[in-house]
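Q: Residue numbers (the numbering used here): 10 to 208.
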Amino acid sequence: MSNNPDHSTQVSAQPEPTLPTAAEEGGDPRTDVESPEPASDLGALLKKAEEEAAELRDAWLRAKAETENARRLAQNDIAKAHKYAVERFAQDLLAVKDALELTLATPTATTEALKDGVDLTLKNLAAAFDKAKIEEINPLHEKYDPHRHQAMTMIDTDQHPSGTVVQVFQKGYLLNDRVLRPALVAVSRAKEAGKADRA
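1) For F98, which of L184, D154, E201, S197 has the nearest alpha-carbon?
2) What distance in whole Å lies between the Cβ atoms of I146 and G181, which are believed to be in contact at a cut-off of 8 angstroms?
3) Relative to the C-alpha of I164, which residue among R198, P170, P155, L189 is closest?
4) What is the DSSP secondary structure of Q159, counted as helix, strand or coil?
5) Can you check which of these residues, L189, P170, A88, is closest to Q159 by C-alpha distance?
6) For L193, does the three-state DSSP call read helix, strand or coil?
7) Express the C-alpha separation of F178 and T162 in angstroms, rounding to a whole number.
8) Hey, how far is the Cα of H156 from the Cα of Y93?
9) Let me check understanding here. Comparing Cα to Cα, which of A58, E96, L129, L54 lies closest to L111?
10) How is the beta strand (DSSP E) around A181 delimited, first residue to last?
11) Does the Cβ of G52 have 16 or more other Cβ atoms within 10 Å, making it buried, or fewer, making it exposed?
12) Does the distance from the C-beta atom of A195 to that of Q176 stay below 7 angstroms?
13) How about L102 and A137: are their beta carbons less than 7 angstroms apart?
14) To which residues of the same chain is K124 closer than 6 angstroms at the C-beta, ignoring the five residues directly before and after it?
15) If we ignore side chains and look at the alpha-carbon of each, how far apart do A122 and I87 end up?
16) Starting from E121, follow the alpha helix (DSSP H) in both directions and report where the run begins and ends.
17) Please name the residue in D107, L113, H150, L149 whose C-alpha comes closest to that of K132.
18) Quick check on the DSSP output: the beta strand (DSSP E) that includes E151 runs from which residue to which?
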């Protein structure tokens with residue numbers, strides 16, 4: 010043993026060896042330490058989770074029932090709308106029927122009286138059409154429109170530009186700008202084009 014004071018200082022300066030921790034050895038520190046939670050705490054957690062699950066299921070069932078009710082109400086509203094959609098129009102047509110019956114019920118009606126009755130009836134019908142937004146399509150001398158007109162025949166002429174409606178066989182009608190019935194028409198065709206088609 011040396012009496013060198015530096016040597017004794019070096020020995021005491023060395024740290025004492027320690028045992029390695031579980032993390033340093035590659036183990037899982039969570040599994041190496043015993044859980045401080047007793048079994049009664051796990052039971053309480055399970056009970057709480059079951060209660061939350063029951064609440065969520067109850068909320069889901071209520072939401073499902075509300076959705077079904079809303080769907081059912083919407084279907085009923087649609088059915089009523091379809092069923093009673095023509096109610097106002099039908100009420101307006103009753104005036105037309107009344108006018109026709111009144112005209113026919115006149116015992117000594119002259120031709121002039123019948124004509125007046127038909128005119129009144131036609132005015133009532135036109136008023137009912139106006140209220141229902143039904144518009145007449147009478148395209149005489151207009152350009153042919155395949156969306157609103159149905160061409161029944163072509164007429165060779167040089168009096169009108171090609172593609173012009175020159176005769177209306179039957180008027181068409183629109184309901185809110187949608188075609189109820191197209192107008193049945195004859196459409197002009199240039200005489201030269203007509204000859205070329207026949208050749």
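Note that the Cβ used here is the ideal one computed from N, Cα and C, for glycine as well.
Predicted, not measured: the structure shown is a model, and the values here were computed from it.
A: According to the data block:
1) From the listed residues L184, D154, E201, S197, the smallest Cα separation to F98 is found for L184.
2) 3 angstroms
3) R198
4) strand
5) L189
6) strand
7) Distance between the alpha carbons of T162 and F178 is about 10 angstroms.
8) 29 angstroms
9) L129
10) Correcting the residue identity first, residue 181 is Gly in this sequence and not Ala. G181 -> beta strand (DSSP E) spans 181-184.
11) exposed
12) At a Cβ-Cβ threshold of 7 angstroms, A195 and Q176 count as neighbours.
13) yes
14) none
15) 45 angstroms
16) It spans 120-140 - the alpha helix (DSSP H) in which E121 sits, taken as one unbroken run.
17) Here the closest residue by C-alpha is D107.
18) Per DSSP, E151 belongs to no beta strand (DSSP E) and is neither H nor E.
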